[in-house]
Amino acid sequence: MLVVVALIAGYAVARARRRVARFSTPFDCAADETFMRSLREKGYAVREHAIPRELVLACAEEARGLSHVMKHGQIQNGLQSDQGARKARGDKMVTLNPRVACNTRYLPYLMDKFDLLRTEMNGAVLEAKDTHADCTTFMLAVYPGDGTGYVRHKDSDDAHTGRKLTAIVYLNEGWKATDGGSFRIWPGDCGDSDPCEEVAPDGGKLVVFYSNLWHEVLPVVNGSARIACTAWFSNRADLAAEIIAEERAAKLDQALKKIALKKLRRTMNSGK
Ligand code: OGA
Ligand code: MN
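Heads up: the sequence shown at position 118 corresponds to 117 in numbering that gives the first Met the number 0, and the numbers run straight through without jumps.
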């Protein structure tokens, strides 16, 4: 009897170890020639089934469990955010950090994979562009399926701003084309009437793109929750410079408004 119990326990432990080992394997995109060619030539690359289905389901479950800490997404650039952007961006999101993720078991596997991917991407593409990403930030976003998406935008203004690359893993097992929510990207520096490419947010799919490319999330419909885990690979010094430049521009704007008001008052008082 004891032998049987020990055998079953040993089998369970070995299975759990194998599962964890599968969850811990790096994306290893740098070694994937097709992926890297697409990233270099078009500025974005896609890999289907980049994480095991079990991990997709477990992370989606944990993401749903974090809905109470999610807030409406804001249009954001550095520190500036546009509070009135509800229609432009319909998701509810949370920044994933160790505190938010402290009660989750599977999302940290995904976060580790993303962070390893950042190191890979430094050697594979960023260093050739004379930059590198020294931090990864994470976001979980859920679109409720009420016909909202995220209008065409960029995650960073140009190559000198803080965010260098955006990486997304979709957590939507069994996503249907009729649920909408495709990710659209404009390779190169395109206008909005130029051709774009579309990627369905299928569970386990990984998309990596230069953060300064135009992209969009098409409206999500049918009440189907569309869940995505996003990582941004940034350069801290460039991020700080971006924030300082924004602060400076905001202060200058305020000062100019004051001058304009003073002038206006003087003009009105002089009756001209
Ligand atoms: C974003 C974004 C794309 C997606 O949140 O900035 O562009 O497919 N998301 O979820
Ligand atoms: Mn974006």
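Beta carbons: idealized from backbone N, C-alpha and C, even for Gly.
- The C-alpha of R235 lies about 49 Å from the C-alpha of N268.
- In this structure, Y105 lies away from L139, with their beta-carbon atoms at least 8 Å apart.
- If you compare the alpha carbons of Y142, N171, V206 and R183 with that of L116, the shortest gap goes to V206.
- By the criterion of a C-beta distance shorter than 6 Å, D154 is surrounded in its chain by R162, T165 and S210, once the five residues flanking it on both sides are discounted.
- Under the three-state reduction of DSSP output, V55 falls in the helix class.
- What you get when you keep residues with a C-beta closer than 5 Å to any heavy atom of ligand 1 is F182, V216 and A227.
- Under the DSSP assignment, K250 falls in the alpha helix (DSSP H) whose first and last residues are R235 to N268.
- With a cutoff of 8 Å on beta-carbon distance, R39 and V124 are scored as near each other.
- Less than 8 Å divides the Cβ of V219 from the Cβ of G144.
- With contact defined as three or more Cβ pairs closer than 8 Å, the stretch 65-73 and the stretch 87-104 are in contact.
- The Cβ atoms of P51 and F26 lie no closer than 8 Å to each other.
- According to the DSSP assignment, Y105 belongs to no beta strand (DSSP E), since it is labelled neither H nor E.
- With at least 16 other beta carbons inside 10 angstroms of its own, K112 counts as buried.
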